[in-house]
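Participant:
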Amino acid sequence: MNHDKNLFVHAEMLTLLDDLPAELVGQHPLQFLLHLDHVRQKATQHRLSALRDLSCALETALQPAIQNGGAVTVARSYLEAMRAALDVDEMSPAMTEALMANVALRLGGQA
């Protein structure tokens with residue numbers, strides 16, 4: 015039963031992420047941020063702390079990127095990390111930090 019619930023949650027969250035293309039932040043930043051907030055709320059509801067933390071970090075990183083350029087690149091990198099976080103059953107805080115550090119490294123200090 016718990017396995018079925020986990021599969022349902024995984025599918026739901028993956029659908030939410032698939033419905034959030036990185037290019038949307040360049041075209042309609044407010045719509046992107048509203049959808050990102052929905053992802054964060056669902057992650058909180060399902061106790062997916064790594065996904066919640068990554069969505070918070072993405073929102074923080076987007077603020078300057080939207081104003082200065084590079085928002086699509088930032089969004090793409092974080093969304094990739096968020097999908098990776100879904101593929102891990104149990105993610106420790108250290109693993110979440112490692113994912114965020116990896117994103118920052120790929121962005122070259124932009125995040």
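If you count the sequence shown from 1, position 106 lands on 120 in our numbering, and the numbers rise without skipping.
Just so it is clear, CB atoms sit at the ideal spot from N, CA and C, and this is done for glycine as well.
Return helix, strand or coil for R90, following the three-state DSSP convention.
Facilitator: If DSSP states are grouped into helix, strand and coil, R90 belongs with the helices.
Participant: In whole angstroms, what is the alpha-carbon distance linking H49 and L34?
Facilitator: Between H49 and L34, the C-alpha separation is close to 7 Å.
Participant: Please identify the residue among A115, G84, L30 and V117 whose C-alpha is closest to the C-alpha of Q41.
Facilitator: The shortest C-alpha separation from Q41 is found at G84.
Participant: Roughly how many whole angstroms lie between the Cα atoms of Q59 and E37?
Facilitator: Their backbone Cα atoms lie some 26 Å apart in a straight line.
Participant: Are the beta-carbon atoms belonging to V86 and V53 less than 7 Å from one another?
Facilitator: Contact: no.
Participant: Give me the Cα-Cα distance between L100 and P43, rounded to the nearest whole angstrom.
Facilitator: Computed Cα separation, rounded: 24 Å.
Participant: For R97, which residues in the same chain have their Cβ closer than 8 Å to its Cβ, ignoring the five residues on either side in sequence?
Facilitator: Taken in chain order, the residues that qualify are L28 and L31.
Participant: State the DSSP-derived secondary structure class of L50, mapped to helix, strand or coil.
Facilitator: L50 falls in the helix class under three-state DSSP.
Participant: Out of curiosity, what's the CA-to-CA distance linking A95 and L68?
Facilitator: Looking at the two C-alpha atoms, the distance is approximately 8 Å.
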